[in-house]
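Residue numbers (the numbering used here): 37 to 296.
Below you'll find the structure, written out as structure tokens, and then a few comments.
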């Protein structure tokens with residue numbers, strides 16, 4: 037599987053307790069895990085669904101770092117992408133660096149501070165499966181100023197954008213460069229942080245995993261020590277809810293319309 041530039045190709049979670057994360061996500065999504073890479077690779081532990089790579093968990097090297105999920109956007113040239121990000125008003129939190137034979141990674145922030153990763157594939161291409169129950173399905177950035185954020189992503193990645201009128205909010209979806217913009221080709225979107233969001237909450241990405249039953253997944257997350265931040269609700273694109281795992285990392289789940 038190859039990923040066009042700007043398309044989400046991987047997600048990982050930085051956690052205080054990887055073993056606890058394996059128990060939580062193993063039961064929630066049916067993931068299995070490898071034994072983890074060595075210390076030279078940050079003890080990075082890959083998660084699998086039916087033998088295919090779907091995500092990773094890693095121990096936080098510094099307790100001051102956020103406990104969070106990070107989405108990685110594909111690029112054929114991480115150095116060139118980093119230069120575009122800086123030129124467009126973003127910043128590189130971690131400049132591109134090789135990860136053995138696996139690929140080249142970097143960590144960036146948009147002009148409002150929302151953090152995302154870059155991935156230039158080597159032997160590790162990214163997701164082996166997605167948009168199936170237990171696998172990654174969608175990402176969206178929660179922003180405060182669309183006039184700042186939309187031109188950044190559309191300029192840096194060449195996304196084609198389309199505003200959705202039926203979402204009940206100011207929501208814009210993005211399709212990869214060269215694709216006809218629309219829901220059929222969209223790989224992510226931008227939501228606005230309105231008055232329902234605490235003023236102290238920074239702009240951020242929210243990553244969605246597909247599930248067969250949104251309500252049952254929310255109940256399981258609670259049983260495992262997590263919490264439901266936003267209760268399950270129906271949207272034109274499926275039933276969704278936002279969860280927080282038992283260590284504080286937020287993510288969302290999506291039950292697609294065909295599964296309802």
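Built from N, CA and C at the ideal position, the CB exists for glycine as well.
Which of the three DSSP states is assigned to residue 59 in this structure?
In the three-state DSSP reduction, residue 59 falls in the helix class (H, G or I).
Please classify residue 49: does DSSP put it in a helix, a strand, or coil?
When DSSP states are grouped into helix, strand and coil, residue 49 belongs to the strand group.
Could you tell me the distance, in whole angstroms, from the CA atom of residue 288 to the CA atom of residue 156?
Straight-line Cα distance between these residues: approximately 26 Å.
Inspect the CB distances between the segment 223-241 and the segment 133-150 and report whether three or more fall short of 8 Å.
yes
From which residue to which residue does the beta strand (DSSP E) around residue 108 run?
104-110
Whole beta strand (DSSP E) elements within the segment 140-210, 3-residue minimum
151-157, 172-179, 196-200
If distances are taken between C-alpha atoms only, which option among 122, 290, 212, 236 comes closest to residue 170?
Closest by alpha carbon: 290.
Where residue 115 falls, given that 16 or more other Cβ within 10 Å makes a residue buried:
exposed
Could you check where the beta strand (DSSP E) with residue 226 kicks off and where it finishes?
224-228
Assign residue 23 to buried or exposed, taking buried as 16 or more other Cβ atoms, counted over all protein chains shown, within 10 Å of its Cβ.
Outside the shown range of the chain (37 to 296) lies residue 23, about which nothing can therefore be said.
Beta-carbon spacing of residue 179, residue 226 below 7 Å:
yes
Could you check what DSSP says for residue 42 in three-state terms: helix, strand or coil?
coil
Report buried or exposed for residue 212, applying the criterion of at least 16 other Cβ atoms within 10 angstroms of its Cβ.
buried
Cβ-based neighbour list, residue 173, same chain, cut-off 7 Å, excluding 5 preceding and 5 following
The residues 166, 167, 244, 245, 246, 290, in chain order, have a CB closer than 7 Å to that of residue 173 in the same chain once the five nearest residues on each side in sequence are set aside.
For residue 120, does the three-state DSSP call read helix, strand or coil?
helix
Near residue 125, what residues of its chain come up, given a Cβ to Cβ distance below 7 Å and the 5 sequence neighbours on each side ignored?
If we look at residue 125 and ignore the five residues flanking it on each side, its Cβ neighbours are 147, 188.
Report the option in 80, 223, 45 whose CA atom is closest to the CA atom of residue 72.
80
Contained beta strand (DSSP E) runs [length at least 3] in the segment 67-92, N- to C-terminal order
81-85
Please report the distance separating the alpha-carbon of residue 193 from that of residue 214.
Rounded to whole angstroms, the separation of the alpha carbons of residue 214 and residue 193 is 11 Å.
Buried versus exposed, by CB contacts within 10 Å (16 or more), residue 97:
exposed
Which residues DSSP lists as bridging residue 259, in chain order
Note: residue 259 sits in no beta bridge, so no partner.
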